[in-house]
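Novice: One structure is given below, represented as structure tokens, and several questions about it will come after.
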Amino acid sequence: MSNNYLVDIQLTRLQWVGGPIRVTGNDRLTILDLGGLQAIDSHIIIDDNPILSALDLRGLQTMGSYLVIATLDRLTTLDVSSLRIMGRELEIYKNARLSAIVAPNLTKVGGFIKIFENSEALRPFNGLPRLSCVANGYNQGTLSDCSSELVNRVMSAVSEWSSTFCQNIV
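Numbering follows my numbering, with no gaps: position 18 of the sequence shown is 56.
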């Protein structure tokens, strides 16, 4: 969805999507509410929406593919508190004010994790306390801003960093 006249998207009753969701290049968009979305079989890309400051994905529990949150200059918190399993990648990058990722229930990522070039205040793995399986590792930039103590905690907490798909991911 790319439309420079969109200011507010509220799809609060939407619970399931079989295909992808793409919200990109909306210069006036300030609110994207997908709070009722529980499952998506494909992927979500929310990118290049420079004044988007309110993003609601709190109801999302499972993703069949990947999640990209990028170039959202005013977003301060990414709350995916219900998300448990990601079929593929988690990519969060170039969000100048993003200082918190809230994903307390995320346990498995079936691809890789890339989190880089966000606010200096962001400590990505503080918001991922239950993460235990990442099938294809992480981008080095993901851990570059973390203290060695946090890196050691994350590396020991994640029971499987492998190049093979984690068992029972979906």
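Yeah, the Cβ is synthetic: ideal placement off N, Cα and C, and Gly gets one too.
These numbers were taken from a predicted model, which means no experiment stands behind them.
Tell me whether the beta-carbon of Leu116 lies closer than 8 Å to the beta-carbon of Val140.
Specialist: The sequence position of residue 116 within the sequence shown is 78, counting from 1. The sequence position of residue 140 within the sequence shown is 102, counting from 1. In contact: Leu116 and Val140 (Cβ atoms closer than 8 Å).
Novice: What residues in its chain sit with their C-beta under 6 Å from that of Lys132, if we drop five residues either side in the sequence?
Specialist: Here residue 132 is taken as the residue at index 94 of the sequence shown, counted from 1. Excluding sequence neighbours, Lys132 sits near Ala108, Thr109, Glu155.
Novice: Report the rounded CA-to-CA distance for Tyr43 versus Val61, giving the unit in angstroms.
Specialist: Start at 1 with the first residue of the sequence shown, and residue 43 comes out as number 5. Start at 1 with the first residue of the sequence shown, and residue 61 comes out as number 23. So the two alpha carbons sit approximately 13 Å from each other.
Novice: Going by DSSP, what residues sit across from Lys70 in a beta bridge?
Specialist: Position 32 of the sequence shown holds residue 70. It is worth fixing the name first, because residue 70 is Leu in this sequence and not Lys. DSSP, once it has assigned bridges, lists Ile47, Leu93 as partnering Leu70.
Novice: Closer than 8 Å by C-beta to Ser119: which residues in its own chain qualify, once you throw out the five before and the five after it? Chain order, please.
Specialist: Sequence index remark: in the sequence shown, residue 119 carries index 81 (1-based). Contacts found: Arg96, Val140, Ala141, Pro142, Asn143.
Novice: For Asn41, collect the residues of the same chain with a Cβ closer than 7 Å to its Cβ; drop the 5 residues on either side in sequence, then sort them by chain order.
Specialist: Within the sequence shown, residue 41 is the residue found at index 3, counting from 1. Closer than 7 Å at the Cβ level, and outside the excluded window around Asn41, lie Asn64.
Novice: How is the beta strand (DSSP E) around Arg60 delimited, first residue to last?
Specialist: Counted from its first residue, the sequence shown places residue 60 at position 22. Arg60 -> beta strand (DSSP E) spans 59-62.
Novice: Could you give the residue range of the beta strand (DSSP E) that holds Asp65?
Specialist: Numbered from 1 along the sequence shown, position 27 holds the residue referred to as residue 65. Taken as a continuous stretch (DSSP letters only), Asp65 belongs to no beta strand (DSSP E), as it is neither H nor E.
Novice: Mind checking whether Ser151 and Leu136 have CB atoms under 8 Å apart?
Specialist: Within the sequence shown, numbered from 1, the residue matching residue 151 stands at position 113. Within the sequence shown, numbered from 1, the residue matching residue 136 stands at position 98. Per the sequence shown, the amino acid found at residue 151 is Ile instead of Ser. No, they are not a contact pair.
Novice: Distance, Cα to Cα, Ser80 vs Met124?
Specialist: Numbered from 1 along the sequence shown, position 42 holds the residue referred to as residue 80. Numbered from 1 along the sequence shown, position 86 holds the residue referred to as residue 124. If you take the alpha carbons of Ser80 and Met124, they lie about 10 Å apart.
Novice: Rounded to whole angstroms, what's the CA-CA distance from Thr68 to Ser91? Just pull it up for me.
Specialist: For the purposes of this step, residue 68 is taken as the residue at position 30 of the sequence shown. For the purposes of this step, residue 91 is taken as the residue at position 53 of the sequence shown. Looking at the two C-alpha atoms, the distance is approximately 6 Å.
Novice: In terms of residues, what are the limits of the beta strand (DSSP E) holding Leu144?
Specialist: Along the sequence shown, one-based indexing puts residue 144 at 106. Where Leu144 is concerned, there is no enclosing beta strand (DSSP E), given that its DSSP letter is neither H nor E.
Novice: Out of Asp94, Arg122, Gly102, Ile89, which one is the CA nearest neighbour of Thr50?
Specialist: Reading the sequence shown from its first residue, position 12 is the one you call residue 50. It is Asp94 whose Cα lies nearest to the Cα of Thr50.
Novice: Out of curiosity, what's the CA-to-CA distance linking Ala77 and Met101?
Specialist: Taking the sequence shown and counting its residues from 1, one reaches residue 77 at position 39. Taking the sequence shown and counting its residues from 1, one reaches residue 101 at position 63. Those two C-alpha atoms are separated by around 6 Å.
Novice: Excluding the 5 residues flanking Ile47 on each side, which residues of the same chain have their C-beta closer than 6 Å to its C-beta?
Specialist: Mapped onto the sequence shown, residue 47 falls at position 9. These residues qualify, in order along the chain: Leu70.
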